[in-house]
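Encoded as structure tokens, the structure appears first; notes follow it.
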Amino acid sequence: MDFALTEEQTAIFDMAHAFGQENIAPFARQWEAEGTIPKELWPQVGELGFGGLYVSEEAGGSGLTRLDATLVFEALSMACPSVAAFLSIHNMCAKMLDTFGSDELKARVMPGVLSLNTVLSYCLTEPGSGSDAAALKTRAERTNEGYTLNGTKAFISGGGYSDAYVCMVRTGEDGPKGISTVYVEDGTPGLSFGALEQKMGWKSQPTAQVQFDDCNIPANNLVGTEGDGFKYAMAGLDGGRLNISSCSLGAAQTALNLTLQYMSERKAFGTSIDQFQALQFRLADMEIEMQAARTFLRQAAWKLDQGAPDATKFCAMAKKFVTETGSKVVDQCLQLHGGYGYLADYGIEKLVRDLRVHQILEGTNEIMRVIVSRHMLANR
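In structure tokens:
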């Protein structure tokens, strides 16, 4: 059992980290204040091959493993977890299109998706269906030309910002078997957006409701087969849970690095505060928890890459453990900064706000416990 990263994996991490530190970190607070990420950033990210991280090389993607991808998101989130998480959403959509889309649809849309000239949003959640995603009500009625969509999606990262939307809609009966996936391009008549949501964190990501009012799309914008959309949506979530965990990990590592530096400079009672044993214990606890989280995350990613039968269980466990560890660590880092941690200039309070939502999205951490317990009971 080899826990070391390969030379190629180290190079992937270093490339993503260097890009983030140069092109994202210096502007993270500005983008948060403006409530948006400049569109011109994405083609630069696309040049690194990050527009289709686990799209096959034959299809024009990077063909990375899920473990490789966690390294990308950990590295980028050290610059800004909000930006890194937005890229994760795009990649989840890109993988769905590459895996389940028709050859015609892929030929039409994937070049822009892979270059990140086409930025994607994922539309599953609705005002009345969050954890109970299979209860979604947005309908797609068959027409001679394709489908007419009516309904509303909620909490959509990139709502009104993205270039296209991968949407789960109801084409048939109630429940998961009546759900299909469709591709809706920005500018389609009948597609509109609610006001931007005012959020605790992830402020650089524009978030809004996505609304369909007699929104007509062509039949060839159906992704895969009618009635299989819920399976497609769920298939992307194991990887999405790993990615959001990686974003917690990278951001928490940045907070810990900043805290170590701050404590070496901050003086109290005649010495730097990193010389107080009580505070050293706190640092040690955070390092132990971070290393445990990183190992757990990479084991879960390895299982997903290997197609292990318990991969879903491990992705759920890792998501619960790593996101809660990340939030705990950034909160402790704020505490160790004292009053300065509460100020925006020191960069810690933003991370506290950004990471809180990681315990909610990609399946709440309560749902992660449900998944784990069901696997346990099924295999007793």
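All residue numbers for the sequence shown refer to the numbering used here, where the first residue is 5 and numbers rise by one.
Yeah, the Cβ is synthetic: ideal placement off N, Cα and C, and Gly gets one too.
Review point. Helix, strand or coil: how does DSSP classify Met5 here?
Key: Walking along the sequence shown from the start, residue 5 turns up at place 1. Collapsing the DSSP output to three states places Met5 in coil.
Practice item. Thinking Gln215 and Thr156 are a contact (beta carbons under 8 Å), I'd like their distance in whole angstroms, please. Key: Within the sequence shown, residue 215 is the residue found at index 211, counting from 1. Within the sequence shown, residue 156 is the residue found at index 152, counting from 1. Contact holds; Cβ gap of about 5 Å.
Point to revise | Asp218 beta carbon less than 8 Å from that of Gly194 | key: Mapped onto the sequence shown, residue 194 falls at position 190. Mapped onto the sequence shown, residue 218 falls at position 214. Going by C-beta atoms, Gly194 is nearer than 8 Å to Asp218.
Practice item. Return yes when the Cβ of Asn225 is within less than 8 Å of the Cβ of Val170, no when it is not. Key: As a first step, residue 170 is located in the sequence shown; it is residue number 166 there, counting from the start. As a first step, residue 225 is located in the sequence shown; it is residue number 221 there, counting from the start. The answer is no: Cβ separation not under 8 Å.
Exercise for review: Please go through the segment 146 to 201 and give each complete beta strand (DSSP E) segment of 3 or more residues, from N-terminal end onward.
Suggested key: Within the segment 146 to 201, the complete beta strand (DSSP E) segments at least 3 residues long are 150 to 161, 168 to 174, 183 to 189 and 195 to 197, listed from N- to C-terminus.
Exercise for review: Given a cut-off of 8 Å, decide if Ala312 and Arg245 are closer than it, judged by their beta-carbon atoms.
Suggested key: Counting from 1 along the sequence shown, the entry for residue 245 is found at position 241. Counting from 1 along the sequence shown, the entry for residue 312 is found at position 308. No. Outside cutoff.
Practice item. With Phe216 as the anchor, note down where its beta strand (DSSP E) starts and where it stops. Key: To locate residue 216, count along the sequence shown from 1; it is residue 212. Bounds of the beta strand (DSSP E) holding Phe216 are Thr211 to Pro222.
Review point. What is the C-beta distance between Ala79 and Ala15, in whole angstroms, given that I count them as a contact (C-beta under 8 Å)?
Key: In the sequence shown, counting from the first residue as 1, residue 79 sits at position 75. In the sequence shown, counting from the first residue as 1, residue 15 sits at position 11. Not really, about 11 Å apart at Cβ, beyond 8 Å.
**Study point:** Cβ separation of Gly330 and Cys337, assumed to be a contact under 8 Å, to the nearest whole Å
**Key:** Here residue 330 is taken as the residue at index 326 of the sequence shown, counted from 1. Here residue 337 is taken as the residue at index 333 of the sequence shown, counted from 1. The C-beta distance from Gly330 to Cys337 rounds to 11 Å, too long to fall under 8 Å, and the pair is not in contact.
Point to revise | Start-end ranges of the alpha helix (DSSP H) lying completely within the segment 47 to 131, minimum 4 residues | key: Counting only runs of 4 or more, we get 70 to 81, 85 to 104 and 107 to 119.
Check your understanding: Are the segment 47 to 64 and the segment 108 to 127 touching, with three or more C-beta to C-beta distances below 8 Å?
Key -> The answer is yes - the segment 108 to 127 touches the segment 47 to 64, with three or more Cβ pairs under 8 Å.
Practice item. Have a look at Ala223, Tyr350 and Ser252 and flag the residue whose alpha-carbon is nearest the alpha-carbon of Lys324. Key: Translated into the one-based positions of the sequence shown, residue 324 becomes position 320. Nearest of Ala223, Tyr350 and Ser252 to Lys324, Cα basis: Ser252.
Exercise for review: Look up Arg33 in the DSSP assignment and say whether it is helix, strand or coil.
Suggested key: The residue you call residue 33 lines up with position 29 of the sequence shown. Reduced to three states, the DSSP call for Arg33 is helix.
Check your understanding: From what residue to what residue does the alpha helix (DSSP H) around Asp335 run?
Key -> Residue 335 sits at position 331 when you count from the first residue of the sequence shown. Where Asp335 is concerned, the enclosing alpha helix (DSSP H) stretches over Ala315 to Leu340.
Check your understanding: Just checking, does the segment 201 to 212 make contact with the segment 79 to 91 on the three C-beta pairs under 8 Å criterion?
Key -> Counting Cβ pairs under 8 Å, three or more are found: they touch.
Practice item. Have a look at Glu36, Pro47, Asp72 and Glu293 and flag the residue whose alpha-carbon is nearest the alpha-carbon of Trp306. Key: Within the sequence shown, residue 306 is the residue found at index 302, counting from 1. Ranking the options by Cα distance to Trp306, first place goes to Asp72.
Review point. Which residue's Cα is closest to the Cα of Ser133: Gly164, Gly179 and Asp102?
Key: As a position in the sequence shown, residue 133 is number 129, starting the count at 1. Residue Gly179 is the option with its Cα nearest to Ser133.
Point to revise | Sheet register partners of Thr275 (DSSP bridge) | key: Translated into positions along the sequence shown, residue 275 becomes position 271. DSSP, once it has assigned bridges, lists Ala272 as partnering Thr275.
Practice item. Could you name the residues of the same chain whose beta carbon sits closer than 6 Å to that of Ala32, not counting the 5 residues immediately before and after it, in chain order? Key: Translated into positions along the sequence shown, residue 32 becomes position 28. Correct list, in chain order: Cys84.
Practice item. Name the residue from Phe234, Phe273, Gly163 and Asp107 whose alpha carbon lies nearest to the alpha carbon of Ala137. Key: Working through the sequence shown from its first residue, we reach residue 137 at position 133. Taking only the C-alpha atoms, the option nearest Ala137 is Phe234.
Point to revise | Cα-Cα separation between Thr10 and Phe17, rounded to whole angstroms | key: The sequence position of residue 10 within the sequence shown is 6, counting from 1. The sequence position of residue 17 within the sequence shown is 13, counting from 1. One Cα belongs to Thr10, the other to Phe17, and the distance between them is close to 11 Å.
Review point. Since Thr105 and Gly243 are thought to touch, with beta carbons under 8 Å apart, how far apart are those beta carbons, to the nearest angstrom?
Key: Indexing the sequence shown from 1 puts residue 105 at position 101. Indexing the sequence shown from 1 puts residue 243 at position 239. The sequence given here has Gly at residue 105, not Thr. The beta-carbon distance between Gly105 and Gly243, rounded to whole angstroms, is 17 Å. This is too long to meet the 8 Å contact definition.
Check your understanding: Among Ala158, Leu264, Glu177 and Glu26, which has the Cα closest to the Cα of Gln284?
Key -> Locating residue 284 in the sequence shown gives position 280, counting from the first residue. Between Gln284 and the set Ala158, Leu264, Glu177 and Glu26, the nearest pair of CA atoms involves Leu264.
Review point. Residue range of the alpha helix (DSSP H) that Gly233 falls in?
Key: The sequence position of residue 233 within the sequence shown is 229, counting from 1. Gly233 to Ala239 is the span of the alpha helix (DSSP H), which, as asked, contains Gly233.
**Study point:** Leu340 beta carbon near the ligand NAD (any heavy atom closer than 7 Å)
**Key:** Although the ligand NAD was asked about, the structure shown includes no ligands whatsoever.
Review point. Which term fits Asn95, buried or exposed, when burial requires 16 or more other beta carbons within 10 angstroms of its beta carbon?
Key: Working through the sequence shown from its first residue, we reach residue 95 at position 91. A residue is called buried once 16 or more other Cβ atoms fall within 10 Å of its Cβ, and Asn95 is buried on that count.
Practice item. Starting from Leu226, follow its DSSP beta bridges and name the residues at the other end. Key: Taking the first residue of the sequence shown as 1, we reach residue 226 at position 222. Answer is Val186, bridged to Leu226.
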